[in-house]
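Notes follow once the structure below has been shown.
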Amino acid sequence: GSLVLTVLSCDISFGEVTCRIENNASIGERKNMNLPGVIVDLPTLTEKDINDIVNFGIKNDVDFIAASFVRKGSDVTKIRSILAENGGEHIKIICKIENLE
Numbered sequence: 003g004s005l006v007l008t009v010l011s012c013d014i015s016f017g018e019v020t021c022r023i024e025n026n027a028s029i030g031e032r033k034n035m036n037l038p039g040v041i042v043d044l045p046t047l048t049e050k051d052i053n054d055i056v057n058f059g060i061k062n063d064v065d066f067i068a069a070s071f072v073r074k075g076s077d078v079t080k081i082r083s084i085l086a087e088n089g090g091e092h093i094k095i096i097c098k099i100e101n102l103e
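In case it helps, our numbering puts the sequence shown at residues 3 to 103.
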């Protein structure tokens, strides 16, 4: 199951959150954390994502791109821009909305 944490304190100046673990679940690789109400400062797309879109998706004429961790409309606009700049304006985008910002 899911790891359950209780937030004990937040230190904004150090960017740290101190928590108490409430169960014995473990976190595997490539897992994420849900922080309701927190604005996450991560890029919409990594360089690898852009490379995959341009050098695989567009080159292979895919019909759809699945976009994870979409938080705001500008995330989709960024993807549309990359598609249009590289001849992939016909590709549709399916968004997995993780958090509303």
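Just so you know, even glycine gets a beta-carbon here, dropped at the ideal spot from N, CA and C.
Since this is a predicted model, take the numbers as computed values, not measurements.
Exposure of residue i, with buried meaning 16 or more beta-carbon neighbours within 10 Å
{"i": "G59", "result": "buried"}
{"i": "I23", "result": "exposed"}
{"i": "I1", "result": "The chain is shown from 3 up to 103; residue 1 falls before or after that span and cannot be answered."}
{"i": "P42", "result": "Checking the sequence, you will find Val at residue 42 rather than Pro. Flag for V42 reads exposed."}
{"i": "I29", "result": "exposed"}
{"i": "G90", "result": "buried"}
Under 7 Å between C-beta atoms of residue i and residue j
{"i": "D77", "j": "T46", "result": "yes"}
{"i": "C21", "j": "V9", "result": "yes"}
{"i": "V56", "j": "N88", "result": "yes"}
{"i": "I95", "j": "I81", "result": "yes"}
Which of helix, strand or coil DSSP assigns to residue i
{"i": "A27", "result": "coil"}
{"i": "S70", "result": "strand"}
{"i": "K61", "result": "coil"}
{"i": "I96", "result": "strand"}
Whole-number beta carbon distance between residue j and residue i, since they are thought to touch under 8 Å
{"i": "A69", "j": "K98", "result": "7 Å"}
{"i": "A27", "j": "S4", "result": "6 Å"}
{"i": "I2", "j": "F66", "result": "Nothing about residue 2 can be read from this structure; the chain reaches only from 3 to 103."}
Beta-bridge pairing of residue i - partner residues as DSSP gives them
{"i": "V19", "result": "C12"}
{"i": "A86", "result": "Paired residues: none, contrary to the question."}
{"i": "K50", "result": "None, per the DSSP bridge assignment."}
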